[in-house]
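Colleague: Using the working numbering, read the sequence shown as starting at 788 and increasing by one per residue. All residues carry an ideal CB built from backbone N, CA and C; glycine is no exception. Since we're looking at a predicted model, the values are computed, not measured.
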Amino acid sequence: MDKKKLLIILLILVVLIVIICIVVKMQQTNIKKEEENLPVEQREEGGEAYNDTQLGNFDITIDGMEKEIEKEIKDMDDFELEFKKYIYLNGLVDANVATIESYNINGNELKINFQLNNPSATKMTCTVNISEQTYEFSKES
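Next comes the structure, spelled out in structure tokens:
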């Protein structure tokens, strides 16, 4: 009778250990999935969070900047920094030239259309709020 009780207790312990292992593995999987769904700027890959010094790892030039555009953008250094930051955070660093294809000023809004010289010839747009000097970048699908 003692051997049966001991065997049952051992069996229960083994089942509990297996259940605990399964629960821990599921939690690790859920944490990994949550990290994968974070926006690029919130990821901490390689143990280092994003910061602006990483923008020095690549170069990109804007071609076709008209005087009329430069007149509307008060701080070109800030604009170029935000442009480069968008390129970096969206994985478009395979481009080194962004050519302005067209631009349009409509009231308080300046819309600039770019084409990158990367293999997929990515097209992107920047909308500048002229009075607030804010920039909104987006890439076309």
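(1) For residue 894, which of 914, 876, 884, 817 has the nearest alpha-carbon?
(2) In this structure, what does DSSP give as the bridge partners for residue 890?
(3) Let me know if residue 882 comes out buried or exposed under the rule of 16 or more other beta-carbons within 10 Å of its beta-carbon.
(4) Under three-state DSSP, which class holds residue 884?
(5) Does DSSP classify residue 916 as helix, strand or coil?
(6) Please name the residue, chosen from 884, 856, 816, that lies closest to residue 846 on a Cα-to-Cα basis.
(7) From the DSSP output, in three-state form, read off residue 849 for me.
(8) Classify residue 816: buried if its beta carbon has 16 or more other beta carbons within 10 angstroms, exposed otherwise.
(9) With DSSP run on the structure shown, which of helix, strand or coil describes residue 840?
(10) Let me make sure I understand the geometry here. Which of 872, 886, 860 has the alpha-carbon closest to that of residue 897?
Modeller: By the coordinates alone:
(1) 914
(2) 899
(3) buried
(4) strand
(5) strand
(6) 884
(7) strand
(8) exposed
(9) helix
(10) 860
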